[in-house]
Structures are given as structure tokens and as C-alpha cells.
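Visitor: So that you can map any letter, position 690 of the sequence shown is 1473 in my numbering, and since no number is skipped, the others follow by simple counting. Virtual Cβ for every residue (Gly too), placed ideally from N, Cα, C. Sharing a structure, written as C-alpha cells. Questions coming.
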Amino acid sequence: MTVAQPSAAAAAKKVLDAWLAGRGWKPFKFQREAWKAVADGRSGLLHATTGAGKTYAVWLGGLMAFSAFAQVGRAQAAIKKIAKPKNSKKPAAAPLTVLWITPMRALAADTLRALLPPLEALNAALNDDGTPRFTTWSAGARSGDTAAGERSAQNQRLPTVLVTTPESLSLLLARADARDVLGSVRMVVVDEWHELLGNKRGVQVQLALARLKAPTLPTACGSLPPEGAAAPAARQSRFRGPGLPEEDGVSAPAEPALRLPPLGEGRDGGFPEHASQLVIWGMSATLGNLGEAMHTLLGHDNGLLIQGQVPKKLLIDTLLPPQVDRFPWAGHLGLNLLPQVIAEIDKSSTTLVFANTRAQAERWYQALLEARPDWAGMIALHHGSLDRAVREWVELSLKTGELKAVVCTSSLDLGVDFLPVERVLQIGSPKGVARLLQRAGRSGHAPGRPSRITLVPTLAIELAEGAAARVAIAAGHIESRTSPDQPLDVLVQHLVTVALGGGFMPDALYAEVCSTAAYAGLSRESWDWCLSFVAQGGPSLAAYPDYRRAVPDGEGVWRVPDARLARRHRMNIGTIVSDASMAVQYVGGAKIGTVEESFAARLKPGDCFLFGGRLLALVRIHEMTAWVRRAAGKRPAIPRWSGSRLPLSTTLADAVVQQLALAQQGVYDTPELQAMRPLLELQQRWSALPTPQTLLAEVLRTREGWHLFVYPFAGRPVHLGLANLLAWRVAQQAPRTFSIAVNDYGFELLSATEVDWPALLPQVLMPAIGPSSECGDGIAPARAAEPASPGRRRSDPPGGQRTTRSGERGGDLLHEVLASLNASELAQRRFREIARVSGLIFQGYPGEKRSNKQLQASSSLFYEVFKKYDPANRLLLQAEQELLSQELEIGRLQAALERMSRQQLKIKVLARPTPFAFPLMVERFREQLSNESVADRIARMVVQLDQAADDPAGSQERGKARDDNDSAAQNVRLSLAFSQDTLSRPSAGKGSVKVRAPRRATGRRPGV
């Protein structure tokens, strides 16, 4: 590999050492290791504490390795003088050399600011005669926020270092001159690799890196012979793709902009020889599976793992309420702790207040302003739906220390460098150890400065998470993240991208794709299916020219034959999928941001909602824009955004159960457990505490029916699957109807008819039940049923066994889970996202975004057509696989069932709801009743349960109880209003979960 001459590298190092010394900095050992590794041409993963100096470890290494002396010879200078245009003011910068990939637009801008100072120091270095010592380097960013003028200039010449996002990199790969433009790249840095690793954007990065490393990769992944052996060029030139007749080839010639540029020896459309030795580095601070993460990034196991061990103090504490209610419910602590949150913000110069959802951030920002109106202009709001100008103003004000506090979401999670931030407040559970570490690192973001994060619980049991997180971090327990396995929608999109970027030969690109971790096991059958899909849309769409997106030309090179299809593809590159959004803009004024169309569609003119920290009234909706004006005095709705609920991670959940085990032994050695002691002791008195060795289940009979409460501590998605699975298994014995409620700690099953849970539960908790096995008294295979009433589930007596899909075993856990849910409807929802990523659905050109109804109708039509005419379509199978792996987390569900089968089952028969059961009952109430009714019912139950806890004999005076009821109801109403995040009551899946019954063979089944 060609790197800088030793003398140039040494000279660059001397300049950069002086630059560091001028700032009073001394490089750490891990930084010097990274510099040497880059100089040696090594690739790898750098894992170090947030704020330890990872950016300069990799960046300065790149500057040292790839800087070159400026050409100052007399002959060369004369030539330059003759060739230099009269209007040229400075020498041309070096070509694109370093690609810096970040997961967020805000991080791209901040990263660019961090890279500039040492680069400018090198550019400013002069020889004795005053000429530049090194070839000039330029820097720029390219993302969705890049201005049109700057983007146009970059189209003419890219900077030497380009900070970009995965989507913008794919757009560069889709350029007809991609090989020439990107062929000079020597180094790629993937920042915050943990943020990309576990999703399709990470797969997009893997494919892009494989493209940049082409063409020297060996033939791999299967028994495909070298090109020209079993697949001679003569045969390849006639190849039209699987299922595509030879005579159906492209008749219209490609327009000049899409023609393949001269490829020289790289006939497959790859990049020059030196690019195969590309230096690739990933950076992260919060990964548990470092070896796997590095292999996924590099595609091989020969990388170098550097771990930066920099001493850094991390303080994790919890904001303890004055009194912990013994019967808590989700969200109720938020409002109660508002005065303490204000006091904590007042103590620090600058504070970040993290919320888990945009709706929660909007509510907290408004509550802070209402409590402290003198803070207007001193505190701000930041989340991804706000307009770019607003976000940039907040980020700049944070950097300059002009803001006292910012209420934010994950939009400020990552490595944005805000030195003035002294501490972080986390509203509600962080849901995971890695996320807590990431957010804690936003404070004290510099070597040697302490980081501090304070948890603000919104549910009493969240108090235990603070103590649990400290133990998990001390033990080095951080969540692992793995790459999605062979997402064909991303691969289909990539095929069209590469066809636009100069074209490809199938055999060479197959080997290239298989070099990635995500597609290492890609079969030739799946590859051929993808080629057929981009060539003609599969058997069912072969007659439609819009789905002939990439086809081979007369020489066997696959290209996009239609300029219109090329434009459409470029407009829809990416894997980020969300509901259709609608702009929010003042009448005759500025744009505020965007809300999801599903929320805006429920508003009527005059309705008020809270957005961007402002109370707004809707004037009208026109052309996907909600025109608004300022409002005052009315109770607002809070916009809600889909996909915003985070599940509790297994790592943190296990640590919480360990804390409960300590309490069960009478050990209350942390402030959090001390605060929870009254609640935990009451839970033990009336029932028991879950431990790693015991599975707690509670049975209760009320006027509503027979309740079962189970506490696996496996996270909300797993509990949803478990609750449906257990209800389905039990319902095979006799017709039964169940209502279900779930949270991160457990689930509730409520039946209007009697269920002998002590007898049935041990049997239905088996990891898998075969079709011929019996559970208790007559549990049989899955049967069809009539639809139940909304929010209910019903199963009929024997009379029609459900048919399993091809290749499934009837007793398989996957079959049982799918049978217990409305799998077809849920899979169809997943298919909507897959259809967008794979390019089946065109989301519109800029300024003409399609509505959610249009996109939904389009995806539903494709789904039905494929089910009927192309049942082997692999995107249908992918939709089902993603439903199981992502929404239901089937891996965690299987592990939870196996763990529960090994635990000692402890069933407690209750006289009244326990502190752990009460939050689950409230989840169900909030789904079924209005806020007023919920407030009255919660208040009445809290007073009654408190009385029972204090005086089991019930000697309280009725008048006092009535007064307590009234006072408690008022407090509950305030808390409900504070935690409300929708126009009306919470929807299914956010509070309790509505479950429908399976369908008969002749009917349709409504969705969950």
C-alpha cells in the first residue's frame, strides 16, 4: 500500500506534536498505538471511554500517514505557473483521501469542526522559502443538511476529507463516475459503530465498504468458480438474469449520464488496485462484543483491536423522591420530581435532560418553562423532528455555554462535543447499560473530566435500575449488538445503486457482497432471486417496465436502463423508514419542524398541540403542511411518533433482578434500595420478590375476573410474546377470553372465566409444546376461532386445526408464537418498511411526499399480489423473519422460556394487588377508560391499598378515606395530564395490548 514517504510522515508528526503541545495536550498510549497502526496500513476497531480522545487517535494517524510534501521543484513550479488559471487563488487540494462516516447529521457537523484545527495546522506549515510544506488538504461535510450550493461544489470536486452519513455515501456510489470519484480514498473511519452495527444502516455501511475495497477480493461464499472458468465472458454477455428471457433485453440505450466510464483493467466496475488495501477504522465507547463488532466492520478477523484505558471518573446516582409510593404506576413520578429536577439544573452551569421519546421531551420542556418562566431563552428543546435551523442554534448555544439546560432525546446521544455540559439528567429508565454510558459521556466530555448522570425515575421500581447499572458497569457488562442477517431489501437496493455507479458483473459482485459479515452465508439461489427481482420485479411484476430497474447490456454489465428510474432510486436511497411526515409551519412564517401524518390527520382546525416548546393551534392542512398559529390557554395534545418505545435490555434487567435478590435477603445497602424499602417489604409481606433462581407468579380474583401476574423481567416485546403464547396455550383447553397488559418487568392475563393457574401454569411455561403433546387436561393443537370483542382474545372448542406453513413443524415455538398472534397483519406491517427499502414503493420527489394512506395502500397491494401470485417471494419471508426477530425478539423469548423452565416457580394467591401487580392493572385501565375515569379509579385503589397495608383490619374512618380519595384523584389527574402523549388515550401497544382472536379458515383476522 502506498502511504506518505517516511520523511513526510515524520515532518507531519512533528507539526502535529507541536500543535498538541500548544494546547497543553499529551497523547495517550492508545492514541500512539492508533497512529502506528494507521501508518502500517492496519485496520481495526478503537474502543475507548467517551471523551478520551478517540477522534484524534484516528484522525491524526490519518494526517500523518497520508500527508505528502508539496511539489516545489523549479520545473514543476514553472509548469504550475503556466498551467495555473489567472483567476486561481490557491493550489488545488489533494483529492478525496479520507471518508468519515457518522450515523447522524448533527454529529457530522460537529465532527467536521473537530477535524479542522489539526488540518489547518498542517496546511499552515511552510518551508524556509515561504512555500507550503505539505499538499493542501480540504474538508467538508455531506448529508441531508448540506446546503445546495455546497453540494453543487462538491459534485465538481470532493474535499480531501469528507464527513458523511451512510445514506450520502450510497448516493456517491450511485454516481456514474463513482469509480473515479472514490478511487482515491485511502482511509475510511466509521464513527459510533455501535449505533450502526445492529441495524440495516450498518448493513448499508458493510456493503459500501465492500464496494470501496473491490476488485481484488477473491471469489468466495459458495462454490462460484473464478470469472471466465465455468462462466466464460461469451456466456455472461448473453446473460439476462434468472427468469428473464434473452429476447427481453433492454432496447432503450442508457443516457450518457448513466454510461459506464472507462474501467481499464477493473472490468467489473470496481475501484483501482490500491483501494483493496483500504485502511478501515471503527470507533465506539459502548460495545460488549468487541471481536464480533470488529469482524462485522472489516469482514475478516485480521484487524487490530485497540482499547483505550483512560482513567475517568463516572458518577451514577438517582434523584430520590421525598416519599416512594408503595403502589406506583408508570409515569406518575415524573411530575412529583419536577421541583427536584429544577433544583438540580439550578446547581449546574449547563445540563442535558435526556428523555426517551420526543413526546416526553416536549412535555418536560413545557413543564420546566411553566415552573420557571424566568428561564425563557436560557433553556431549549432538541429532537430530530425540529427544523434544522433550530437544532443548529441549540447545538451552537450549547457549545458556547449560553444555555443553562437542553431537554433532548437520542438526537444528542452520540459524540457531539459540548464541553460546557457538567451533568446529565435521565428522565425515566435508560433501558440499557450502553445507552446510560453513552448519555453519561455527554458530560465532562474531555480527558480527565468526570462524567455524571442522574437518573430521574418515573416508576418506583426504576429506582433499582440506578444501583443495578452501577454494578453492571463495574463488572463490565454491556449489551452486545449483532448485524442483521441477509436483509434482502437492503441488498436489492444496493444492486441498483451499484448498477448506477458504473455497472457490475454478477459473479464479481456476488463475491464482493459475500465478503461482508451480513451476507457471508448468502446462497446462490437468494442471489439469483435478487438479480431477477431488480431485473423484472419477479414473476408477478414482469409486465411492468417500472420494475426493470437494472438489466445486463450487450456486454453483460448490469446497468439502469432508464433515467427516470435512476432519479427515483437516488431520491429514495437509505434504510431509515418512518411514517409519512407533515411539515409544521407558521402561517406566513418560518418552518418549525415535522410531525407524523397519523397525528396531524386527527387534528381539526382550532385544535391545539404542543410542538417545539410552543403551544400551537391548527389553521389548516394543505399539501402535506400543517399551517399553524400561536395559541394560549387551551389544554394541548402532544404529538406522538411511532417506534419510540425502548425495551429494557437483558443486561440491565438481570442486574435489576440481582438487586431484588439482595432485598429478598434483607440487604438494603444502596440509597436506591433504601428508598424502595417500604415498597419491597410490602411486596414480600403480601407475596414475594423475584430472584434469579425463582420465577414469581401471582393469582388474584376480583370483580373483573381471574388475574395472573408473571414477572420474567425480560422486556416489553418479550412479555408481549409470552403473554400471547400463554393465553393461546391455555385457551386450547376450553373457550376463554383474555385481556393482556405488559410492561418491562412482567405481564398480566385477565380472564372473565375461572382458570386453574396453579395447575396449568407449570405446563404452559414449557419452551415448546408439540401438536400432539398434552398440557394438563386436554391442551390440543392450535385451532381457529371466532373474532373476539376489541381488546379480547377468544378460542373455540375443537373443530378445525390451523394449517402450518410449508417447512414449519407444528410443535415449533415459532409456529406457536405466530399462531398466538395475528401474524399475517403484523408481517404486513413489516412488509411496508421492506417495500420502501427495496424500492417497490416510491416515496416521492422532494416537495411531493406521498401521504401515509397512499404508501400503506401501495404496500398492501404488493403484499396481497405477492401472496397470491408469487408466494415464494423472499421479501415476504423476510417480513415474517423480521417480525419474529425484531418486534417479538424471538431469540430473547426462547431464552426467557428456557430460563423460566429452569427456575423454581413460586405461585402466590393474593387477596389484593401487590406493588408489582398494580402498575400492570393501571396499564390496562389507561387503555380502556378516559383519563378522568382512570384518575378516579387509580386514586380509589391507591387509597384502599394503602389503608390495607397500614391497617389490615380496616379501621380507618370512612370520612378520612373519602378525603384521601379526592386528594389522590386530583394528584393522579395532574400526573395523567403530564404523562399524556397523544391526542386522546394511549393506543394499543403503548399502554395495554389489545389481542384479537385467530381467524377461521374462511374469514379475515383484524390486527393487533
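In angstroms with no decimal places, state the Cα-to-Cα distance between Met1077 and Leu828.
Guide: Near 6 Å, if we compare the C-alpha coordinates of Leu828 and Met1077.
Visitor: Using a Cβ-Cβ cut-off of 6 Å (strictly less than) and excluding sequence neighbours within five positions of Gly1011, which residues of its own chain qualify?
Guide: Here Gly1011 scores only 36 on pLDDT, less than 50, and its place in the model should not be relied on; the value that follows carries that caveat. Answer for Gly1011: no residue qualifies.
Visitor: Examine chain B for any beta-carbon lying closer than 8 Å to the beta-carbon of Asn1355, and answer yes or no.
Guide: Considering every chain present, this structure includes no chain B. It has just one protein chain.
Visitor: Kindly indicate which three-state DSSP category Phe811 falls into: helix, strand or coil?
Guide: It is coil, neither helix nor strand.
Visitor: Quick one, are the C-beta atoms of Ile1063 and Phe813 less than 8 Å apart?
Guide: No, Cβ-Cβ distance for Ile1063 and Phe813 is not below 8 Å.
Visitor: Look at Leu1164 and Trp1158 and say whether their C-beta atoms are less than 8 Å apart.
Guide: For Leu1164 and Trp1158, no; Cβs fall outside 8 Å.
Visitor: Please specify which runs of the alpha helix (DSSP H), each continuous and at least 4 residues long, are wholly inside the segment 1199 to 1286, giving them in chain order.
Guide: Taking only runs of at least 4 residues, the alpha helix (DSSP H) segments lying wholly in the segment 1199 to 1286 are 1216 to 1223, 1246 to 1257 and 1271 to 1283.
Visitor: Going by CA-CA distance only, name the one from Lys1095, Ala794 and Gln987 that's closest to Ala1068.
Guide: Closest option to Ala1068, Cα to Cα, is Lys1095.
Visitor: CB-CB under 6 Å to Asp974, same chain, minus the five flanking residues each way: which ones, in chain order?
Guide: Contacts found: Thr885 and Met1066.
Visitor: Quick check on Asp1797: does DSSP put it in helix, strand or coil?
Guide: The shown model of the chain, from 784 to 1791, leaves out residue 1797, and the question about it has no answer.
Visitor: Check the DSSP bridge columns for Val972 and list the partner residues they point to.
Guide: BP columns for Val972 point to Trp883 and Trp1064.
Visitor: Quick check on the burial criterion: 16 or more other C-beta atoms within 10 angstroms. Buried or exposed for Lys1214?
Guide: Burial call: buried.
Visitor: Could you tell me which residues DSSP pairs with Tyr1369 in its beta bridges?
Guide: BP columns for Tyr1369 point to Val1411.
Visitor: Please return the same chain residues whose Cβ sits closer than 6 Å to the Cβ of Leu1274, not counting the five positions on each side in sequence.
Guide: Contacts found: Cys1313.
Visitor: Using the Cα positions of Arg896 and Leu843, report the straight-line distance between them to the nearest angstrom.
Guide: Distance between the alpha carbons of Arg896 and Leu843 is about 14 Å.
Visitor: Whole-angstrom Cβ separation of Arg994 and Glu1262, contact assumed at under 8 Å?
Guide: The pair is not a contact, with the Cβ atoms about 30 Å apart (cut-off 8 Å).
Visitor: Along the chain, where does the alpha helix (DSSP H) that runs through Glu1464 open and close?
Guide: That run of the alpha helix (DSSP H) goes Pro1454 to Trp1469.
Visitor: Entirely within the segment 1630 to 1689 and at least 4 residues each: give me those alpha helix (DSSP H) ranges in chain order.
Guide: Here the runs fully enclosed are 1635 to 1652, 1657 to 1665 and 1673 to 1685.
Visitor: Which residue from Pro1541, Gln1686, Phe1492 and Leu1660 puts its Cα closest to that of Ser1522?
Guide: Checked all of Pro1541, Gln1686, Phe1492 and Leu1660; the closest Cα to Ser1522 is Phe1492.
Visitor: Alpha carbon to alpha carbon, how far is Ile1617 from Ile1624?
Guide: Approximately 9 Å between the Cα atoms of the pair.
Visitor: Whose CA, out of Pro1430, Glu1647 and Ser1168, lies closest to the CA of Met1365?
Guide: Met1365 has its Cα closest to that of Ser1168, out of Pro1430, Glu1647 and Ser1168.
Visitor: From the DSSP output, which residues share a beta bridge with Asp1100?
Guide: In the DSSP output, where bridge partners are listed per residue, Asp1100 has Thr1237.
Visitor: CB-CB under 8 Å to Glu1205, same chain, minus the five flanking residues each way: which ones, in chain order?
Guide: Ser1131, Ser1132, Thr1133, Thr1134, Ser1226, Gly1227 and Arg1235.
Visitor: Look at the Cβ atom of Phe1110, then the Cβ atom of Phe1701, and state whether they are nearer than 8 Å.
Guide: Going by C-beta atoms, Phe1110 is nearer than 8 Å to Phe1701.
Visitor: Here's a check: name, in chain order, each residue in its chain whose Cβ is nearer than 6 Å to the Cβ of Thr1237, leaving out the five neighbours to either side.
Guide: Asp1100, Leu1102 and Leu1208.
Visitor: Report the three-state DSSP secondary structure of His1352 (helix, strand or coil).
Guide: It is helical.
Visitor: The alpha helix (DSSP H) with Leu1597 in it runs from where to where?
Guide: It spans Leu1596 to Ser1603 - the alpha helix (DSSP H) in which Leu1597 sits, taken as one unbroken run.
Visitor: Quick one: is Met1161 buried, meaning 16 or more other Cβ sit within 10 Å of its Cβ, or exposed?
Guide: Answer is exposed; the Cβ neighbour count stays below 16.
Visitor: Tell me the rounded alpha-carbon separation between Thr1377 and Phe1287.
Guide: When rounded, the distance between both Cα atoms is 39 Å.
Visitor: Using a Cβ-Cβ cutoff of less than 6 Å, which residues in the same chain neighbour Ala880 once the five nearest sequence positions on both sides are dropped?
Guide: With the sequence shown as reference, residue 880 is identified as Thr, and Ala is not the correct amino acid for it. Excluding residues within five positions, the ones whose Cβ falls inside 6 Å are Phe849, Thr943 and Arg969.
Visitor: Please report the residue range of the beta strand (DSSP E) in which Glu1145 lies.
Guide: From DSSP, Glu1145 is part of no beta strand (DSSP E) but of the alpha helix (DSSP H) over Arg1141 to Ala1154.
Visitor: Among the residues of its own chain, which have a CB less than 7 Å from the CB of Val1317, if the five just before and after it don't count?
Guide: Same-chain partners within the cutoff: Val1275, Leu1278, Val1279, Arg1332 and Ala1333.
Visitor: Just the Cα atoms here: how many angstroms apart are Pro1335 and Leu1597?
Guide: One C-alpha to the other measures close to 40 Å.
Visitor: Just verifying my parser: in three-state terms, what is the DSSP assignment at His1502?
Guide: Helix, per DSSP.
Visitor: According to DSSP, is Arg916 helix, strand or coil?
Guide: In the structure shown, Arg916 sits in coil (DSSP, three-state: anything other than H, G, I, E or B).
Visitor: Taking Gly1395 and Gln1149 to be in contact with their CB atoms under 8 Å, please state how far apart those CB atoms are, rounded to whole angstroms.
Guide: In fact, because the Cβ distance is near 10 Å, the residues do not count as touching under 8 Å.
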